[in-house]
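If you use the working numbering, the sequence shown corresponds to residues 166 to 352, in order. The beta-carbon is built from N, C-alpha and C at its ideal position, and this holds for glycine as well.
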Amino acid sequence: VHTVQSTPKIFVAGGLGWNTPVHSSIVSSADGATWSLVAASAPFLPRAGLALVSHGDALYAIGGESDPNSSPTDHDDIYKSVDGGVNWTAVAAGDRFSPRKNFSAFSMRNCLWVIGGQALVSGVPTYYQDVWKTCDNGASWTRMTETAAFATNSSSIAAKSGLRSRSANLSEPNKDPRMRKFGQMPS
């Protein structure tokens, strides 16, 4: 959820449907029922598995995979929009996480975070357990850990009581022994 002109909106970027090409369109909704096209084609390559994060006064599109149907390529690029997804600018590349898709990204404590994910590395599926953060809007990144306490085949979620890794039931995380809390994230 990102606020545009005092209205909180849900944004969705990119994606891939069954037997459809991957795309880079941006849509938004104020109520989840009615959706509007914000941008038919963002400047980043059409992709799936990317993260779209509201942070401060901007939206960030991070990573993902382009052309997953024929010649998949994972990305580590970051794009920023300060006008609700209409226009995007690339955030300068620097030391940061490796190219990936299907990872978690979120804003917490005035920083952007990237956690886990997967990629094809030399044709071999690779799963990450790393945690990265930037507190300068993506200009520089710090790896907090390379091997966080979650399974490499899991995704990550933000929870009120801290960060949890999931590989199972999200409806009752405190009753599921497969949910592992790894504590409050360091500031």
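Residue i burial status per 10 Å Cβ neighbour count (16 or more: buried)
i	result
Val289	exposed
Leu202	exposed
Ser326	Unreliable placement is indicated for Ser326, whose pLDDT of 39 sits below 50; no coordinate value is reported for it.
Phe176	buried
Leu328	For Leu328, the predicted model reports a pLDDT of 43, less than 50, meaning its position is unreliable; a value from the coordinates is still stated below. Leu328 comes out buried.
Asn184	exposed
Pro351	Residue confidence for Pro351 is low, a pLDDT of 38 falling below 50, so the modelled location carries little weight; the figure read from the coordinates is stated next. Exposed.
Gly197	exposed
Ser330	At Ser330, the pLDDT of 39 sits below 50, so the modelled position is not reliable; the number obtained from the coordinates is stated separately. Label assigned to Ser330: buried.
Ser206	exposed
Glu311	exposed
For residue i, the nearest candidate out of the options (CA to CA)
i	options	result
Thr299	Gln283, Gly249, Asn267, Gly221	Gly221
Gly182	Phe176, Ile227, Ser190	Ser190
Thr172	Trp306, Asp248, Arg308	Asp248
Pro235	Ile243, Ala195, Pro186	According to the sequence shown, residue 235 is Ser rather than Pro. Among Ile243, Ala195, Pro186, the Cα nearest to that of Ser235 belongs to Pro186.
Ala314	Ala257, Asp295, Trp306	Asp295
Cys276	Phe209, Tyr293, Thr199, Ala223	Ala223
Endpoints, the beta strand (DSSP E) within which residue i is located
i	result
Ser219	216-220
Glu230	223-231
Trp278	276-286
Ala257	Note, Ala257: premise wrong, no beta strand (DSSP E); not H, not E.
Arg308	307-310
Ser269	269-273
Ala178	172-180
Ala204	201-204
Asp239	238-246
Asp196	It is not in any beta strand (DSSP E) - Asp196 carries neither H nor E in the DSSP assignment.
Whole-angstrom C-beta distance between residue j and residue i, which should lie under 8 Å
i	j	result
Pro211	His240	Between His240 and Pro211 the Cβ distance is about 11 Å, and since that is not below 8 Å, they are no contact.
Gly250	Ser193	7 Å
Trp297	Val286	Not really, about 17 Å apart at Cβ, beyond 8 Å.
Residue(s) in a DSSP beta bridge with residue i
i	result
Ala213	Glu230
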